[in-house]
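Here the working numbering is used: the first residue of the sequence shown is 29, the next is one more, and so on.
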Amino acid sequence: MNRGFIFDLDGVIVDTAKFHFIAWKRLADQLGFEFTEEDNERLKGVSRTRSLEILLEIGGIELSEDEKQHLAQQKNEWYVELIGGLTSNDILPGAEKFLKEAADQSIKIALGSASKNAPYILEKLGIDRLFDAQIDGTQVSKAKPDPEVFLKGAEKIHVSPQNCLVFEDAQAGIEAARRGGMKCVGIGNNALLKGADLTVPGMDKITVKQAIELLEN
Ligand code: BG6
Ligand code: MG
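Right under this line is the structure:
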């Protein structure tokens, strides 16, 4: 049987949330309102455009589409500058080992990320060749919790959704996996993530064997 593992990127393979936060906060500072780490939680797994809308809602600011586009671009320039220094040292504990062991077991591996910067990040981390397929924010029209990103990933690795296991740190991503008919491992706090088939604190806390068992039972 063909099996597939589909990985979210930010928060599962690399901790980029801190850089997103710095860049969004810089924008909020410039617009003159407070933006906290707690607010930043709401942006996890959410597309860049939707993230900006949430940020502006928090600040109580209404802007034209042109202005919004300009601000999203500005934030991304700051963000790209911040992630420019990423190296393999920034891969979260256990992630690279897990990817390699899964490949050794002939499991097909796909990326399912909302980020338009995903290819750049994977290249910086030096692990892009570990993925059989990569679906990122430039290839989807519907953001998580819509399952599009994961369904496209499954299609590209030629594995049916019910034989795919998704690894996700965001609530929107867990919902997307479920809507796509896939099982899901939540990465993070069990009390905060709802609806995952199993939640572990990080990729170093699950083995490929456990993941396969979860998929098959
Ligand atoms: C997700 C992050 O992976 O990508 C979100 O969790 C982010 O916080 C989204 O907004 C889009 O990223 P980017 O790199 O396209 O701005
Ligand atoms: Mg994520």
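Glycine included, C-beta positions come from ideal geometry on N, C-alpha and C.
Option nearest residue i by Cα separation, candidates the options
| i | options | result |
| --- | --- | --- |
| D197 | G112, N218, T166 and Q101 | N218 |
| A204 | I215, V213 and F178 | F178 |
| I50 | Q133, K96 and V108 | V108 |
| G230 | N30, R31, G39 and N104 | G39 |
| L37 | K72, H98, G209 and D174 | K72 |
| Q238 | Q133, R206 and E90 | Q133 |
| V74 | A142, K184, E151 and D57 | A142 |
Contact under 8 Å by Cβ, residue i with residue j
| i | j | result |
| --- | --- | --- |
| I119 | F33 | no |
| I155 | E124 | yes |
| K172 | A200 | yes |
| K144 | R70 | no |
| I202 | G223 | yes |
| L59 | G88 | no |
| R31 | I215 | no |
| L80 | K96 | yes |
| G208 | F35 | no |
| K226 | L242 | A quick correction: the sequence has Leu, not Lys, at residue 226. Closer than 8 Å, so yes. |
| L55 | Q102 | yes |
| V236 | L153 | no |
| A146 | G122 | no |
Residue interval of the alpha helix (DSSP H) (run including residue i)
| i | result |
| --- | --- |
| G181 | E176 to K184 |
| T77 | R76 to G87 |
| E196 | Element bounds for E196: not the alpha helix (DSSP H) but the beta strand (DSSP E), C192 to E196. |
| L127 | A123 to D132 |
| F35 | Where F35 is concerned, there is no enclosing alpha helix (DSSP H), although the beta strand (DSSP E) it sits in stretches over G32 to F35. |
| A200 | Q199 to R207 |
| K211 | Where K211 is concerned, there is no enclosing alpha helix (DSSP H), although the beta strand (DSSP E) it sits in stretches over K211 to I215. |
| V108 | E93 to I111 |
heavy atom of the ligand BG6 below 7 Å from residue i C-beta
| i | result |
| --- | --- |
| R31 | no |
| N104 | yes |
| G165 | yes |
| H48 | yes |
| A204 | no |
| S143 | yes |
| R76 | yes |
| S169 | no |
Residue i CB to nearest heavy atom of the ligand MG below 7 Å
| i | result |
| --- | --- |
| G73 | yes |
| G39 | yes |
| A198 | yes |
| D36 | yes |
Limits of the beta strand (DSSP E) - the one that residue i falls within
| i | result |
| --- | --- |
| V236 | Careful: V236 lies outside any beta strand (DSSP E), inside the alpha helix (DSSP H) at V236 to E244. |
| K136 | K136 to G140 |
| I50 | Here I50 belongs to no beta strand (DSSP E); instead the alpha helix (DSSP H) covers A45 to L59. |
| L153 | Where L153 is concerned, there is no enclosing beta strand (DSSP E), although the alpha helix (DSSP H) it sits in stretches over A146 to L153. |
| K161 | Looking at the sequence shown, residue 161 is not Lys but Ala. Its beta strand (DSSP E) spans residues A161 to I163. |
| L226 | L226 to V228 |
With 16 other Cβ atoms within 10 Å as the buried cut-off, status of residue i
| i | result |
| --- | --- |
| H48 | buried |
| G113 | exposed |
| L220 | exposed |
| N68 | buried |
| T64 | exposed |
| K184 | buried |
| K53 | buried |
Residue i: CB within 7 Å of a non-hydrogen atom of the ligand ZN
| i | result |
| --- | --- |
| G201 | Within the structure as shown, the ligand ZN is missing, the only ligands being the ligand BG6 and the ligand MG. |
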